[in-house]
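The block underneath contains the structure these notes are about, expressed in structure tokens.
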Amino acid sequence: MTDDVQGLTVAVLGGTGDQGEGLASRFARAGLPVLIGSRSIDRAEKAAAELNAALGTEPAVRGLVNADAASQANLVIVAVPWEGHAATLQSLSTELAGKIVVDCVNPLGFDARGAFALPVPEGSAAEQAAALLPDSRVVAAFHHVSAVLLADPAITSFDLDVLVLGDDREATDTVQALAGLIPGMRGLYAGRLRNARQVEALTANLISINRRYKAHAGLRITDV
Ligand SMILES: NC(=O)c1ccc[n+]([C@@H]2O[C@H](COP(=O)([O-])OP(=O)(O)OC[C@H]3O[C@@H](n4cnc5c(N)ncnc54)[C@H](OP(=O)(O)O)[C@@H]3O)[C@@H](O)[C@H]2O)c1
Numbered sequence: 002m003t004d005d006v007q008g009l010t011v012a013v014l015g016g017t018g019d020q021g022e023g024l025a026s027r028f029a030r031a032g033l034p035v036l037i038g039s040r041s042i043d044r045a046e047k048a049a050a051e052l053n054a055a056l057g058t059e060p061a062v063r064g065l066v067n068a069d070a071a072s073q074a075n076l077v078i079v080a081v082p083w084e085g086h087a088a089t090l091q092s093l094s095t096e097l098a099g100k101i102v103v104d105c106v107n108p109l110g111f112d113a114r115g116a117f118a119l120p121v122p123e124g125s126a127a128e129q130a131a132a133l134l135p136d137s138r139v140v141a142a143f144h145h146v147s148a149v150l151l152a153d154p155a156i157t158s159f160d161l162d163v164l165v166l167g168d169d170r171e172a173t174d175t176v177q178a179l180a181g182l183i184p185g186m187r188g189l190y191a192g193r194l195r196n197a198r199q200v201e202a203l204t205a206n207l208i209s210i211n212r213r214y215k216a217h218a219g220l221r222i223t224d225v
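Taking my numbering, the leading residue of the sequence shown gets 2, the next gets one more, and so forth.
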């Protein structure tokens, strides 16, 4: 396992949103330099200032526009809505070249009957990212991590496995170790990117569970 994650600077595209800000706060808490990316420098700086105030330590989080955040990081998490996924990545292919790009995007639709998986021509959001970013090392992870739990400062430990998928062993090892920086989380290798489709789609089932049981459900894999 590559556990050399302490030297990483992590950027989060869409880092002003619930999921991105939640992951950013947890990685900053773990001691990593974190860059909040946004389409707006004002929103990025505001989110970074709020996180630094909440963390109460010396500024560990900076706010930048997505392109600057991507170019200044070693590892970049994609946390934009599915609607903006392709266009965002297409516009940042140069900045993201050579980097580990961690995609947590779930292509889901919502109607009166709840959440459902949307068809994706490439197979999955992660495979779409890999197609748009041929020079990046795309990894799929963090699909089933609840933004509500990430944002709750009372939660100091999670009860959750993070399924990590990708075609680059060193990159998936790094992302497994990254997940392991958050107390209680365990990063588990779960296959190649061609198997990301059902991991993304499974989020629709978790949302159904959450609605029925008023929960923030996650996954634990047994016997590993
Ligand atoms: N929420 C969860 O619990 C959760 C859990 C697992 C995975 N995810 C995945 O994480 C991603 C983000 O979820 P979220 O709930 O944080 O979403 P969100 O709050 O709706 O959006 C995140 C951020 O993306 C930016 N954004 C919005 N529309 C965009 C567009 N068309 N193009 C580029 N950027 C855009 C916005 O930032 P700026 O306006 O500042 O640019 C926004 O703050 C989704 O793909 C979701 O499937 C979410």
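For every residue, glycine included, the Cβ atom is placed at its ideal position computed from N, Cα and C.
Only a predicted model underlies this, so the values are computations on that prediction, with no experimental measurement involved.
Alpha carbon to alpha carbon, how far is residue 49 from residue 147? 20 Å
Straight-line gap, residue 105 to residue 32 (C-alpha atoms, nearest Å): 21 Å
Three-state secondary structure assigned by DSSP to residue 216: Judged by DSSP in its simplified three-state form, residue 216 adopts coil rather than helix or strand.
Would DSSP call residue 78 helix, strand or coil? Here residue 78 sits in strand by DSSP.
Using the rule of at least 16 other Cβ atoms within 10 Å of the residue's Cβ for burial, across every protein chain shown, is residue 221 buried or exposed? exposed
In the DSSP assignment, find the alpha helix (DSSP H) that holds residue 111 and state where it starts and stops. Careful: residue 111 lies outside any alpha helix (DSSP H), inside the beta strand (DSSP E) at 109 to 112.
Where does residue 9 sit, in a helix, a strand or coil, going by DSSP? coil
Between residue 24 and residue 151, is the Cβ-Cβ spacing less than 8 Å? yes
Which of the three DSSP states is assigned to residue 37 in this structure? strand
According to DSSP, simplified to helix, strand and coil, what is residue 101? Here residue 101 sits in strand by DSSP.
If you follow the alpha helix (DSSP H) that residue 187 is in, where does it begin and where does it stop? In this chain, residue 187 is not harboured by any alpha helix (DSSP H); it is covered by the beta strand (DSSP E) spanning 186 to 190.
Near residue 205, which residues of its chain fall below 6 Å by C-beta distance, leaving aside the five closest residues on each side in sequence? Excluding positions up to five away in sequence, the list reads 109, 116, 117, 118.
DSSP on residue 14, reduced to helix/strand/coil? strand
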